[in-house]
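Residue numbers (the working numbering): 22 to 818. Below: the structure, in C-alpha cells.
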C-alpha cells in the first residue's frame with residue numbers, strides 16, 4: 022500500500038515548479054539577500070562586501086563566513102545565507118538591500134515539431150544561403166534544469182561546428198560518472214551543478230544505487246529532454262519504441278549547449294532550490310551564454326518580481342543582453358494561473374502539433390473505435406467496466422472493491438467518475454493486476470501519455486459506446502492493435518488544456534503568456550537509465566521519450582531565440598521578444614479551448630499570448646519594440662521602487678535618469694509588444710516606439726486597428742515613415758482607447774497591425790472596461806476571477 026501511494030504521487034506531479042513547505046523551526050533557513058547590480062566591482066570585492074554586510078547580523082566574523090552559501094557577484098549582487106527570521110528582518114531594513122526572501126524548495130515543471138513550424142532541414146544545409154539555415158551557429162544556450170546525459174546523440178561532438186566561441190568563459194566540471202574529458206566537446210561546451218541550497222533544505226543527496234549523480238549528469242531526464250529540444254544535434258532514426266520514427270533535432274542544432282544542473286531527483290521528482298537557481302544564473306552570465314532556457318515557475322500566489330530567483334536572474338540577464346525563456350506553467354485552463362510574468366522574460370504557452378497516434382480498438386461484436394495511445398503491443402483480452410472493480414466506477418486504489426475482477430483484463434475508466442486522471446487510473450488498474458486501460462475523457466482534455474500500463478485514450482462518446490457493449494455482452498472482449506504514427510491529418514495548433522492562462526496576477530497590464538509553441542507529445546533525448554515514466558517498477562529503457570507541458574514549449578522558443586540571435590547578434594532581448602510576438606500567427610477556429618463549466622471558446626491572448634511562434638517570419642519582423650534601461654526605470658517606478666533602489670538595480674549609464682516622474686507611472690507605459698489596459702474607466706492614451714530593422718530603410722508603415730468590443734481604439738499617426746537619408750529608423754505612435762460601454766466585468770480583444778505591404782507587425786490590444794460605480798469589489802482583482810466569464814460573453818456577443 023505504501024509503495025503504491027508513493028507511485029501514485031509520482032503521476033500527480035507535473036513538470037512545473039511548485040513551492041514545497043519546509044518544516045518550521047527555530048533553526049536558520051536559507052535566505053536570499055538581493056542588492057541589485059554589482060557597481061562594476063570585481064567578484065572578489067563584491068564577495069568581500071557581502072561578507073561585511075552579513076557580519077552586521079552575527080556576533081563573530083567566522084559565523085557570517087560559515088552562514089554564507091553563495092555570493093552572487095558577476096551578473097548581479099547578492100548572496101544566499103543561513104539566517105533566522107530576526108537576522109533576515111534586520112538585513113531587509115538595511116539601506117543597501119533591495120529584498121530579502123526565503124529560498125523555496127521547488128520542483129521541475131523532436132522528430133516533427135520543427136518541421137511543423139516551417140524550420141525544416143535540408144540535405145545541402147551547409148551550402149544554403151538562407152538566413153535560418155545558420156541554425157543558431159555559435160550562439161550559446163544555457164539550460165537550467167536537471168542536468169544532461171552527455172552520451173546522447175543529441176550532444177555528440179561535431180567537427181563541422183568549429184572551435185568553441187572565444188567569448189566562452191565557462192567550464193565543464195566533473196563528478197559522479199561525469200568525466201569532463203569525454204562528456205564535454207564542441208557541442209556540449211559547459212556543465213556545472215549546484216547543491217548547497219538543496220542539501221541545506223533537504224539533507225545530503227542520496228547517490229546510492231544510481232539514485233542521483235553528484236555531477237551534471239541527468240538522473241530525472243527532464244534536462245536532457247529540454248536541452249535536446251532546444252539545441253540538439255541532428256539524430257537520424259529516432260523513435261519511441263518504433264513510434265514517430267524520424268530525424269530528431271533541436272531548433273538550433275548548430276548552437277552550443279551549456280548545462281546548469283539546479284534540480285535533483287528526490288522522492289521520485291526533481292527538486293530545486295532558489296539559492297541554487299540564482300547561483301546558476303550568476304555563473305551563466307559570467308560564462309557568456311546568449312540565451313537562458315528555464316522551464317521553471319511557481320503557481321499563484323506569485324511573489325513580487327524581485328523576490329524570486331528567476332525574476333532577479335532574468336532581469337540582470339536582460340541588462341547584459343541575454344535572452345531568457347520561461348515556461349508558462351501547467352495549471353490551465355483556469356484564468357490568471359500563468360507563471361513567470363516578468364516583462365523582461367519570454368513566457369511560453371503550450372500547443373499541439375499535427376501528429377497523432379491512432380490506435381484501433383475492436384470490440385467483441387466487431388465494432389471498431391479509433392482511440393490514441395503509445396501502445397506497441399497487439400492485445401486481445403477480456404474487457405471489464407470500472408464499476409466491477411472500483412466503488413462508483415472511480416478508478417482509484419482507495420475505491421477498490423474487487424481485487425480479482427480486473428485480473429489480466431482491460432478496464433474501461435472514465436475521467437468523469439471521481440475526476441481521476443489517466444495516470445491515476447493506470448496505477449490503480451496495475452495494482453490489481455489488470456493488463457491495460459481504456460480511458461474516456463472530454464474532447465478538450467483528451468491527451469495521450471505513457472502511463473507504464475498500456476492506456477488507450479478515447480472521448481466520452483466513444484467510451485459510452487464501449488460501456489454499452491460491455492453491459493450488453495455476457496463475455497465482453499477487446500482487441501487493441503499497436504498504435505500507428507500519422508502526421509498532417511489533425512487540425513493544429515490547438516492550445517493545450519493544461520497550459521496556464523493569463524492575465525498576470527502580478528502585472529495585469531503586461532500580456533502573459535507572450536507566445537505559444539509546440540508542447541504536447543514532443544519526442545526528444547532521454548537518459549537510457551531512467552525509465553520513460555521514472556517509476557522504479559518500469560524496467561523499460563529508451564534513448565528517446567515523449568513529454569508534454571509548457572516545459573516542452575519553452576525550449577522550442579529558446580531554440581528559435583538562438584536562431585534569431587545567430588542572424589541578428591546585436592539585437593537586445595526586448596527586440597528578440599518583439600520579433601517573436603509581432604510575427605506570431607493567430608489561431609483559427611480549430612483552437613477552441615474548454616473553460617471551467619464546459620463552455621467552448623476561441624483561444625484569445627490570455628491563452629496563447631500574441632499567437633503561435635513563426636520562426637522564419639521572426640527573422641525578418643520589419644519593426645521591433647525595443648526597450649532599454651530608461652523603459653524599465655518607468656516600469657520599476659510603477660512597482661513602487663524608489664529612485665535610489667532603481668539606481669542599485671539598473672546598470673548605470675551617462676544619460677540614465679532613475680528618478681520617477683511626478684505623475685504616476687503605470688505598467689502600460691513600458692514599450693511592450695502588446696497593449697493591455699486591465700482597468701479602463703476613462704479615455705487612456707499610451708505610447709509605443711518601434712524600430713525599423715527591415716532591409717528597406719525607406720519604408721512606410723500604415724496602421725489597421727481592430728477595436729475590442731468594449732472600447733474604441735485609435736492610432737495616431739496612422740502612418741510611420743522611416744528614412745535612410747535622415748538616418749531615421751525609430752518612430753513613436755500613440756494609442757487612444759475610450760470605453761464604449763458601461764461595464765465592470767470582462768476582457769475584450771483587438772489588435773493593431775502595421776504593414777509596409779510586405780511585413781505584418783501585429784500588436785495585441787486587450788482591454789477591460791471598469792466604468793460602472795464600484796460596489797466594493799476591486800476592479801482588477803475581480804478581473805482575475807471573471808476572465809473566464811468574460812471570454813464566454815465574447816463568444817456570445
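The beta-carbon is built from N, C-alpha and C at its ideal position, and this holds for glycine as well. Please read these numbers as outputs of a predicted model, since none were measured by experiment.
Task: Distance, residue 499 Cα to residue 7 Cα - done: No answer is possible for residue 7: it lies beyond the span of the chain, which begins at 22 and ends at 818.
TODO: Compare the Cα-Cα distances from residue 176 to each of 225, 382, 246 and 723 and report the closest residue.
DONE: Here the question's residue 176 lines up with position 155 in the chain shown. Distances from the alpha-carbon of residue 176 to those of 225, 382, 246 and 723 put 246 closest.
- [ ] Reducing DSSP to helix, strand and coil, say where residue 512 ends up.
- [x] Within the chain shown, the letter at position 491 stands for residue 512. Note: residue 512 maps to coil in three-state DSSP.
Task: Sufficient close CB pairs (3 or more, under 8 Å) joining the segment 316-333 to the segment 551-562 - done: no
- [ ] Quick one: residues in its chain with C-beta nearer than 8 Å to the C-beta of residue 47, no 5 flanking neighbours on either side, listed in chain order?
- [x] Translated into the one-based positions of the chain shown, residue 47 becomes position 26. In this prediction, residue 47 scores a pLDDT of 46, lower than 50, which makes its location untrustworthy; no coordinate-derived value is stated.
TODO: Could you spell out the range, first to last residue, of the alpha helix (DSSP H) harbouring residue 740?
DONE: Within the chain shown, numbered from 1, the residue matching residue 740 stands at position 719. First-last for residue 740: 740-742, but that is the beta strand (DSSP E), not the alpha helix (DSSP H).
Open item on the list: Using C-beta distances below 6 Å, list every residue in its chain close to residue 519, excluding the 5 sequence neighbours before and after it, in chain order.
Closed with: Walking along the chain shown from the start, residue 519 turns up at place 498. Closer than 6 Å at the Cβ level, and outside the excluded window around residue 519, lie 351 and 353.
Open item on the list: Taking its Cβ as the centre, do 16 or more other Cβ atoms sit within 10 Å of residue 809, making it buried, or is it exposed?
Closed with: Start at 1 with the first residue of the chain shown, and residue 809 comes out as number 788. Per-residue confidence for residue 809 stands at a pLDDT of 41, beneath the threshold of 50, marking its modelled position as unreliable; the derived number appears in the next sentence. Classification for residue 809: buried.
- [ ] Could you name the residues of the same chain whose beta carbon sits closer than 6 Å to that of residue 390, not counting the 5 residues immediately before and after it, in chain order?
- [x] Here the question's residue 390 lines up with position 369 in the chain shown. 382 and 483, listed in sequence order.
TODO: Ignoring anything shorter than 3 residues or poking outside the segment 157-238, list the beta strand (DSSP E) runs there in chain order.
DONE: 161-166 and 209-214
Task: Per DSSP, cross-strand counterpart(s) of residue 314 - done: Position 293 of the chain shown, counted from the start, is the residue given in the question as residue 314. 164 and 346.
- [ ] State yes or no: is the C-beta of residue 543 nearer than 7 Å to some heavy atom of the ligand FMN?
- [x] Among the components modelled here there is no ligand, and therefore nothing to report on the ligand FMN.
Open item on the list: Using the three-state DSSP reduction, which class does residue 87 fall into: helix, strand or coil?
Closed with: Along the chain shown, read from residue 1 onward, the residue named residue 87 stands at position 66. Residue 87: helix per DSSP, three-state reduction.
Open item on the list: Assess contact between the segment 460-479 and the segment 426-446, defined as three or more Cβ pairs (one per stretch) separated by less than 8 Å. Is contact present?
Closed with: yes
Task: Stretch pair the segment 525-539 + the segment 403-414: three plus CB contacts closer than 8 Å - done: no
Task: Beta-carbon proximity check, residue 75 vs residue 109, cutoff 8 Å - done: Within the chain shown, numbered from 1, the residue matching residue 75 stands at position 54. Within the chain shown, numbered from 1, the residue matching residue 109 stands at position 88. Cβ distance not < 8 Å, so residue 75 and residue 109 don't count as in contact.
Task: Straight-line Cα distance separating residue 277 from residue 270 - done: If you number the chain shown from 1, residue 270 lands on position 249. If you number the chain shown from 1, residue 277 lands on position 256. Straight-line Cα distance between these residues: approximately 13 Å.
Open item on the list: Please report the distance separating the alpha-carbon of residue 707 from that of residue 737.
Closed with: To locate residue 707, count along the chain shown from 1; it is residue 686. To locate residue 737, count along the chain shown from 1; it is residue 716. Roughly 11 Å separates the two Cα atoms.
Open item on the list: I'd like to know whether the C-beta atoms of residue 632 and residue 607 end up nearer to each other than 8 Å.
Closed with: Translated into positions along the chain shown, residue 632 becomes position 611. Translated into positions along the chain shown, residue 607 becomes position 586. Contact: yes.
TODO: Take residue 604 as the anchor and find which of 779, 302 and 238 has the nearest alpha-carbon.
DONE: Position 583 of the chain shown, counted from the first residue, corresponds to residue 604. Considering only alpha carbons, the answer is 779.
Task: Residues that DSSP places opposite residue 820 in a beta bridge - done: Outside the shown range of the chain (22 to 818) lies residue 820, about which nothing can therefore be said.
Task: Classification of residue 489 by the beta-carbon crowding that lies within 10 angstroms, buried from 16 upward - done: For the purposes of this step, residue 489 is taken as residue 468 along the chain shown, with counting starting at 1. So residue 489 ends up on the exposed side.
Open item on the list: When you compare the segment 506-521 with the segment 372-379, are there three or more beta-carbon pairs, one atom per stretch, that lie closer than 8 Å?
Closed with: yes
TODO: Could you give the DSSP three-state label for residue 145: helix, strand or coil?
DONE: Counting from 1 along the chain shown, the entry for residue 145 is found at position 124. Residue placement at residue 145 is poorly supported in this model, since its pLDDT is 34, which falls under 50; the coordinates are not used for a value here.
TODO: With DSSP as the reference, please indicate the residues paired to residue 400 in a beta bridge.
DONE: Counted from its first residue, the chain shown places residue 400 at position 379. According to DSSP, residue 400 bridges with 501.
Task: The alpha helix (DSSP H) enclosing residue 66, as first and last residue numbers - done: For the purposes of this step, residue 66 is taken as residue 45 along the chain shown, with counting starting at 1. Element bounds for residue 66: 64-76.
Task: Spatial distance of residue 237 from residue 207 (CA atoms) - done: Reading the chain shown from its first residue, position 216 is the one you call residue 237. Reading the chain shown from its first residue, position 186 is the one you call residue 207. Roughly 17 Å separates the two Cα atoms.
- [ ] Give the secondary structure of residue 629 by DSSP, where H, G and I count as helix, E and B as strand, and everything else as coil.
- [x] Stepping through the chain shown from its first residue, residue 629 is reached at position 608. Residue 629: helix per DSSP, three-state reduction.
Task: Cβ pair residue 770, residue 626 closer than 8 Å - done: Residue mapping note: residue 770 aligns to position 749 of the chain shown, counting from 1. Residue mapping note: residue 626 aligns to position 605 of the chain shown, counting from 1. Yes, they are a contact pair.
Open item on the list: Please state whether the Cβ-Cβ distance between residue 157 and residue 273 is less than 8 Å.
Closed with: Within the chain shown, the letter at position 136 stands for residue 157. Within the chain shown, the letter at position 252 stands for residue 273. A contact, by the Cβ cut-off of 8 Å.
- [ ] Report the three-state DSSP secondary structure of residue 30 (helix, strand or coil).
- [x] Counted from its first residue, the chain shown places residue 30 at position 9. In this prediction, residue 30 has a pLDDT of 38, which is less than 50 and means its spatial position is unreliable; what the coordinates show is noted afterwards. Residue 30: helix per DSSP, three-state reduction.
Task: As assigned by DSSP and simplified to three states, the class of residue 92 - done: By one-based count along the chain shown, residue 92 stands at place 71. Note: residue 92 maps to strand in three-state DSSP.
Open item on the list: Check for me: the alpha helix (DSSP H) holding residue 336 runs from which residue to which?
Closed with: Mapped onto the chain shown, residue 336 falls at position 315. Looking at the DSSP string, the run of the alpha helix (DSSP H) that includes residue 336 is 330-340.
- [ ] Give a yes or no on whether 8 Å exceeds the smallest Cβ distance from residue 539 to chain B.
- [x] The structure shown contains no chain B; it holds only a single protein chain.
Task: Distance, residue 97 Cα to residue 337 Cα - done: As a working note, residue 337 is residue 316 in the chain shown. As a working note, residue 97 is residue 76 in the chain shown. One C-alpha to the other measures close to 6 Å.
Task: Cα-Cα separation between residue 303 and residue 583, rounded to whole angstroms - done: As a first step, residue 303 is located in the chain shown; it is residue number 282 there, counting from the start. As a first step, residue 583 is located in the chain shown; it is residue number 562 there, counting from the start. In a straight line, the C-alpha of residue 303 is about 20 Å away from that of residue 583.
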